[in-house]
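Numbering (the numbering used here), first residue to last: 71 to 161.
From the three backbone atoms N, C-alpha and C, an ideal C-beta is built for every residue, glycine too.
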């Protein structure tokens, strides 16, 4: 999925800060020089509804107030947040 499609479909902010993401999504993880999230997007009863997204720091400021940009969004939804996080870690 392209960055623009991901920002529209899942309402992902770009650019943003880790602090802002953490206020919106509870499944956020700092992973090396990346910030990854597992988000929830309801697709109907019994359907996979979790997605993964990977952000990267755009400046040398790697604190919670540093600017990050969206780099990847999963093209498929996952059955749980663990699989979404695993996908995001591999990006």
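Query, Result
"Residue of 87, 72 and 77 minimising C-alpha distance to residue 131", "87"
"Proximity test, residue 149 beta-carbon vs the ligand MN heavy atom, cut-off 8 Å", "Questions concerning the ligand MN fall outside what the structure shown contains, since it holds no ligand whatsoever."
"As assigned by DSSP and simplified to three states, the class of residue 126", "strand"
"N- and C-terminal bounds of the alpha helix (DSSP H) containing residue 91", "88 to 94"
"Rounded C-alpha distance that separates residue 161 from residue 142", "7 Å"
"Bounding residues of the beta strand (DSSP E) (the contiguous stretch that carries residue 141)", "138 to 143"
"Endpoints, the alpha helix (DSSP H) within which residue 79 is located", "73 to 79"
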